[in-house]
Amino acid sequence: MAPKNLPPAAKQAKILEWFRTSMGVYSFKELEKLLPSVGSINGMLVKEYIQALTDENLIRVEKIGSGNWYWSFTSDAKKSKENRINKLKDEETKLLATIAVAEQEVKKEMTKRQEDDEMLLDGGSDRHALMDAYEALVKENDALDKELYLYSDNDPAEIFRKMEETNKLKESTLRWTDNLESLESFLVSLTGDRAQAGEIMYRACGKDYVVGEGLKELAVPN
1 MAPKNLPPAA KQAKILEWFR TSMGVYSFKE LEKLLPSVGS INGMLVKEYI
51 QALTDENLIR VEKIGSGNWY WSFTSDAKKS KENRINKLKD EETKLLATIA
101 VAEQEVKKEM TKRQEDDEML LDGGSDRHAL MDAYEALVKE NDALDKELYL
151 YSDNDPAEIF RKMEETNKLK ESTLRWTDNL ESLESFLVSL TGDRAQAGEI
201 MYRACGKDYV VGEGLKELAV PN
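According to full-length UniProt numbering, numbering within the sequence shown proceeds without interruption in unit steps and concludes at 222.
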């Protein structure tokens, strides 16, 4: 330990000698703990001594991450220690890049979830409209079947057209059903909660969806 009551210049010299002998790289918090015993100084004066040595270019300081790091190397140790500093900088750069990538992934996932929710709601509305149109055409088709039976001698072209339109709407409704079932599976895997996924599906599809059972089956005419 350094003798007590040394003048400031002598204490600075002791601190500088310690830096060069230790060949270490220190954060300010570390120096606050170490320098009072090294230079026989009050802990409240550590910042003052460090600033004075830095101003005189006797020790080097570099900002790495969120804090400053201090050192003073002799010629043989200087290169290896500066390599350590560069390594710390590289690690900081990689860490910042990793954080940036993670932030982008979070943004992409949030955007994707929003788009999926919108698609689910739109899909539910479209399916509901198709179901209504399909049911109306099924009724009309039944009536046309009866008409065709009663008037088999008449030209059935219009009746066949209605039947074809009914079949197309049926196929479209089935496709929407498949899409909604795929979205339901996606929501279950995304949330990990089948009940929550069911509530979302119910809000989107209304009476066409039964929580715990799924989408209602289409009533297909014979």
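Using N, Cα and C, we set each Cβ at its ideal position, and we do this for glycine too.
Cβ of residue i within 7 Å of any chain D Cβ
i: alanine 195; result: Absent from the structure: chain D. Only one protein chain is present.
Endpoints, the beta strand (DSSP E) within which residue i is located
i: glycine 198; result: Note, glycine 198: premise wrong, no beta strand (DSSP E); alpha helix (DSSP H) at 194-205.
i: valine 46; result: Unbroken run through valine 46 is the alpha helix (DSSP H), 46-55; no beta strand (DSSP E).
i: isoleucine 64; result: 60-64
Residue i - containing alpha helix (DSSP H), residue span
i: valine 38; result: 28-39
i: residue 266; result: For residue 266 there is no data in the structure shown, the boundaries of the chain being 1 and 222.
Residue from the options whose Cα sits closest to the Cα of residue i
i: tyrosine 134; options: Glu184, Ala13, Trp18, Leu174; result: Leu174
i: glutamine 12; options: Glu199, Val46, Tyr26; result: Val46
i: isoleucine 64; options: Thr93, Pro36, Asp55; result: Thr93
i: serine 72; options: Asn86, Asn57, Ser66; result: Asn57
i: alanine 10; options: Arg60, Ile41, Lys146, Glu30; result: Ile41
i: aspartate 132; options: Gly67, Thr166, Tyr202; result: Thr166
i: threonine 21; options: Ile59, Gln51, Glu140, Glu181; result: Ile59
i: residue 224; options: Asn68, Tyr49, Ser189; result: The chain is shown from 1 up to 222; residue 224 falls before or after that span and cannot be answered.
i: phenylalanine 19; options: Gly43, Tyr70, Glu32, Asp55; result: Tyr70
i: residue 236; options: Leu180, Met23, Ser189, Leu190; result: The requested residue 236 is not part of the displayed model; the chain covers only 1 to 222.
Local Cβ density within 10 Å of residue i, reported as buried at 16 or more and exposed below that
i: aspartate 208; result: buried
i: phenylalanine 160; result: exposed
i: leucine 96; result: exposed
i: glutamate 184; result: buried
i: threonine 177; result: buried
i: isoleucine 99; result: exposed
i: lysine 139; result: exposed
i: glycine 192; result: exposed
i: valine 38; result: buried
i: aspartate 76; result: Confidence in aspartate 76 is poor, its pLDDT being 41 and thus under 50, which makes the residue's placement unreliable; the coordinate value appears in the next sentence. The residue is exposed, with fewer than 16 neighbouring Cβ atoms inside 10 Å.
i: methionine 1; result: Low per-residue confidence applies at methionine 1: pLDDT is 49, beneath 50, and the placement is therefore not dependable, though the value from the model is reported in the following sentence. It is exposed - the Cβ of methionine 1 has fewer than 16 other Cβ atoms within 10 Å.
i: valine 25; result: buried
i: asparagine 141; result: buried
i: glycine 43; result: exposed
i: alanine 195; result: exposed
i: residue 260; result: Outside the shown range of the chain (1 to 222) lies residue 260, about which nothing can therefore be said.
Same chain, Cβ closer than 6 Å to residue i, neighbours up to 5 away in sequence not counted
i: residue 278; result: Residue 278 is absent from the structure shown; the chain starts at 1 and stops at 222.
i: proline 8; result: none
Neighbourhood of residue i by C-beta, 7 Å cutoff - its chain only, sequence neighbours within 5 removed
i: alanine 52; result: Gln12
i: valine 188; result: Arg194, Ala197
Beta-carbon proximity list for residue i, same chain, < 8 Å, skipping 5 on both sides
i: proline 36; result: Asn42, Gly43, Val46
i: leucine 137; result: Lys162, Glu165, Thr166, Leu169
i: asparagine 68; result: Ser27, Phe28, Val61, Glu62
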